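Undergrad: Okay, handing you the structure first.
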Amino acid sequence: WMAARQASVDSELFGNDISKLWPISYEGQSDTACFDNALEFLTQGGYSLAHAMMMLIPEAWAGNKLMDQDRKAFYEYHAALMEPWDGPAAVVFTDGRQIGATLDRNGLRPARYIVTDDDR
Numbered sequence: 133w134m135a136a137r138q139a140s141v142d143s144e145l146f147g148n149d150i151s152k153l154w155p156i157s158y159e160g161q162s163d164t165a166c167f168d169n170a171l172e173f174l175t176q177g178g179y180s181l182a183h184a185m186m187m188l189i190p191e192a193w194a195g196n197k198l199m200d201q202d203r204k205a206f207y208e209y210h211a212a213l214m215e216p217w218d219g220p221a222a223v224v225f226t227d228g229r230q231i232g233a234t235l236d237r238n239g240l241r242p243a244r245y246i247v248t249d250d251d252r
């Protein structure tokens, strides 16, 4: 789906040189490699790691009555930009300063975590 979005991608950072970045992913790559390429494309294009991850692997927001309207609006806006990476996936990520983890919205991949005595 990244190839289908190339024509609609615009960037102040890359300007007219953005076409030099194509293709974002290559035929024959694994799903994981394609995801990694898409994540790198978004973060190198100026999105924070957390923002890019929320774009690629959104929460189950549609019809979620418990989600606040600002967060729901974030996901609704980004749903128009790209399709979600629906996994199954349990992903842990870091930029060297922050760490995060997410599950795909289908919840098909289990994940566990431990909180230690010193909260690390």
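FYI, in our numbering the residues of the sequence shown are 133 to 252.
Note that beta-carbon positions come from the ideal geometry of N, C-alpha and C, so glycine has one too.
No experiment lies behind these values; they were computed from the predicted model shown.
1) Here's the rule I'm using: 16 or more other beta-carbon atoms within 10 Å means buried, otherwise exposed. How should S151 be labelled?
2) Can you list, in chain order, the residues of its chain whose CB lies under 8 Å from that of M187, leaving out five sequence neighbours each side?
3) Could you give the first and the last residue of the continuous beta strand (DSSP E) run that contains T226?
4) Near Q161, what residues of its chain come up, given a Cβ to Cβ distance below 8 Å and the 5 sequence neighbours on each side ignored?
5) Please classify L171 as buried or exposed, where buried requires at least 16 other C-beta atoms within 10 Å of its C-beta.
6) Can you give me the C-alpha to C-alpha distance between T164 and A221, rounded to a whole angstrom?
7) So within the stretch 173-225, which uninterrupted beta strand (DSSP E) runs reach at least 3 residues, ignoring any that extend past its ends?
TA: In this structure, then:
1) Exposed.
2) Around M187: L174, Y179, H210, L213 and M214.
3) Unbroken beta strand (DSSP E) run through T226: A222 to T226.
4) So the qualifying residues of the chain are N169.
5) Note on L171: 16 or more other CB atoms within 10 angstroms of its CB, so buried under the neighbour-count rule.
6) Going by C-alpha positions, T164 is about 10 Å away from A221.
7) Fully enclosed beta strand (DSSP E) runs of 3 or longer: not present.
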